[in-house]
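In terms of our numbering, the sequence shown opens at residue 408 and continues consecutively.
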Amino acid sequence: MSENVEAVKRAYETAEKKDLEGWIDAFTPDGVFTDFSVGAQYRGRELADTVRNYGTAFSDMHRELYRIYEDGDVVIVQLALQGTHDGPLTLPFGTLPPTGKKMDAPCCDVFEMQDGKIKRFDCYPEGSIIFAQLGVLTHLADSLS
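What follows is the structure, encoded as structure tokens:
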């Protein structure tokens with residue numbers, strides 16, 4: 408297994424442990440994380456916000472890794488985001504109160520690596536499936552507080 412793949416796997420483990428400092432340290436100083444499902448981008452200390460937010464909303468959050476592809480400094484991961492929505496989920500457009508429902512949604516993550524750290528992390532979770540599994544897709548506006 409290459410250094411880049413090992414670093415990406417460690418980053419997932421760090422996120423599952425909700426190790427905020429470890430998560431920030433997995434990135435280069437100018438590293439960026441983009442969550443394309445909600446159009447949000449994070450840098451620097453803000454990187455911890457994603458782990459904190461999803462770890463609060465899904466206390467049992469798990470990332471089930473299915474396939475990992477590598478091409479030079481790029482690592483692509485096919486995975487599923489799994490967990491129980493038992494806490495508030497803060498989104499750029501409002502907060503979704505806990506639904507108590509489980510999610511098991513496909514996701515594709517693309518990492519650009521530099522010297523064993525994440526320079527760019529583009530996350531493509533299937534938001535419509537997540538919201539449907541949480542039971543709010545058809546009533547999204549009513550579900551946000």
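We put the CB at the ideal spot given by N, CA and C, even for glycine.
- For S409 and D549, the gap between their C-alpha atoms comes out near 47 Å.
- When rounded, the separation of the alpha-carbon atoms in L498 and V445 is 7 Å.
- Taking C-beta separations shorter than 6 Å and ignoring five residues to either side along the sequence, the partners of D493 in its chain run S466 and P505, following chain order.
- Linking S535 to L544 through their CA atoms gives a straight-line distance of about 7 Å.
- Taking 9 Å as the cut-off, the beta carbon of G438 is found closer than this to the beta carbon of F528.
- The three-state reading of DSSP puts T457 in helix, counting H, G and I together.
- A distance below 9 Å separates the beta carbons of L486 and P513.
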